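Under this note's numbering, read the sequence shown as residues 3 to 163, first letter to last. For each residue, glycine too, the CB sits at the ideal point set by N, CA and C. Predicted model only: the values in this text are computed from it and were never measured. Encoded as structure tokens, the structure appears first; notes follow it.
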Amino acid sequence: MNRYPVWNIEAARAVIRAEGDTPDAVLPMLHALQAHFGYIHRDATALVAEAVNLSRAEIHGTISFYHDFRSTPPAARVIRLCRAEACQAVGCEALVTEAARLGVPVDGPAADDVAIESVYCLGNCALGPSALVDGALVGRLDAARLAVLVGGGAVAEVQMP
């Protein structure tokens with residue numbers, strides 16, 4: 003069910019080369035690596051540093067500064083649950099409780115290859131609570147539909163008509 007290839011240093015070098023070789027290419031390189039592998043492998047730090055002539059510490063600092071970069075492979079399904087004020091007003095915190103009941107704590111370790119992460123605004127405020135699942139926006143999420151998603155159900159099953 004994993005949609006990303008296994009880390010491969012030669013493939014990583016190709017991804018990095020495609021982004022250029024100047025310091026302003028660091029973020030595009032890191033985004034490209036994460037898009038390709040699903041995360042930024044620890045060995046990528048040295049490859050990026052070498053490509054742009056910066057220190058490994060500078061590259062590591064960039065990776066650790068930005069919240070969206072991950073240094074471990076993602077779960078097969080990542081549900082990004084909006085917890086901004088508009089979604090709080092319509093019940094997202096009840097979904098946090100439901101997720102824990104289902105055995106997948108929000109912002110905790112993945113369970114059965116499903117992870118739920120907090121985000122703060124998906125721009126779908128009028129249809130909250132909202133989540134981003136497999137790249138698809140899901141509005142008016144409730145406990146029953148969250149259970150379907152956690153159980154591996156397709157996003158199409160829970161989309162509102």
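Could you work out which residue in the options is closest to residue i when comparing CA atoms only?
i, options, result
"Met2", "Asn10, Gly153, Leu129 and Gly155", "No answer is possible for residue 2: the residues shown for the chain start at 3 and end at 163."
"Ala133", "Gln36, Arg5 and Val108", "Val108"
"Leu49", "Val106, Glu21 and Thr74", "Glu21"
"Cys94", "Thr74, Gly154, Val140 and Arg72", "Val140"
"Arg19", "Val54, Val8 and Trp9", "Val54"
"Met120", "Gly105, Gly153 and Ile81", "Per the sequence shown, residue 120 should be read as Ser rather than Met. Measuring from the Cα of Ser120, the nearest candidate turns out to be Ile81."
"Ala102", "Pro76, Thr64, Ala145 and His38", "Ala145"
"Val8", "Thr74, Glu52, Phe67 and Ala113", "Thr74"
"Asn10", "His43, Val106 and Thr24", "His43"
"Val17", "Ala96, Gly154, Ala149 and His33", "His33"
"Gly154", "Arg79, His62 and Glu87", "Arg79"
"Gln36", "Val98, Arg5 and Pro25", "Arg5"
"Glu2", "Tyr122, Asp26 and Asp136", "A query on residue 2 cannot be resolved here, the shown segment of the chain reaching from 3 to 163 and no further."
"Ala27", "Ala13, Leu56 and Glu12", "Leu56"
"Gly137", "Ala156, Tyr68 and Arg58", "Ala156"
Which of helix, strand or coil does DSSP assign to residue i?
i, result
"Leu97", "helix"
"Ile118", "strand"
"Leu175", "In the structure as shown, the chain starts at 3 and stops at 163, and residue 175 therefore has no counterpart that could be examined."
"Val135", "strand"
"Arg113", "For the sequence presented, residue 113 should be read as Ala rather than Arg. Here Ala113 sits in strand by DSSP."
Would you mind reading off the limits of the beta strand (DSSP E) that contains residue i?
i, result
"Glu21", "Run containing Glu21: none; DSSP gives neither H nor E here."
Once the 5 residues before and after residue i are set aside, which same chain residues still bring their CB inside 6 Å of it?
i, result
"Val124", "One point to set straight first is that residue 124 is Leu, not Val, in the sequence displayed. These residues qualify, in order along the chain: Cys84, Ser132 and Leu134."
"Asn126", "Ser132, Leu139 and Gly141"
"Asp45", "none"
Along the chain, where does the alpha helix (DSSP H) that runs through residue i open and close?
i, result
"Val160", "Val157 to Val160"
"Val150", "Ala145 to Val152"
Could you pull out every residue in the same chain whose Cβ sits closer than 8 Å to the Cβ of residue i, ignoring the five residues on either side in sequence?
i, result
"Ala77", "Ala112, Asp115, Val116 and Ala117"
"Ile65", "Leu32, Ile42, Thr47, Phe71 and Ser73"
"Arg15", "Leu49"
Sorry if obvious, but does the Cβ on residue i come closer than 7 Å to a heavy atom of the ligand ADP?
i, result
"Ala145", "Of ligands this structure carries none, so the ligand ADP is not represented either."
Check: Unbroken beta strand (DSSP E) runs of length 3 or more, entirely within the segment 29-87: which are they?
Finding: 79-84
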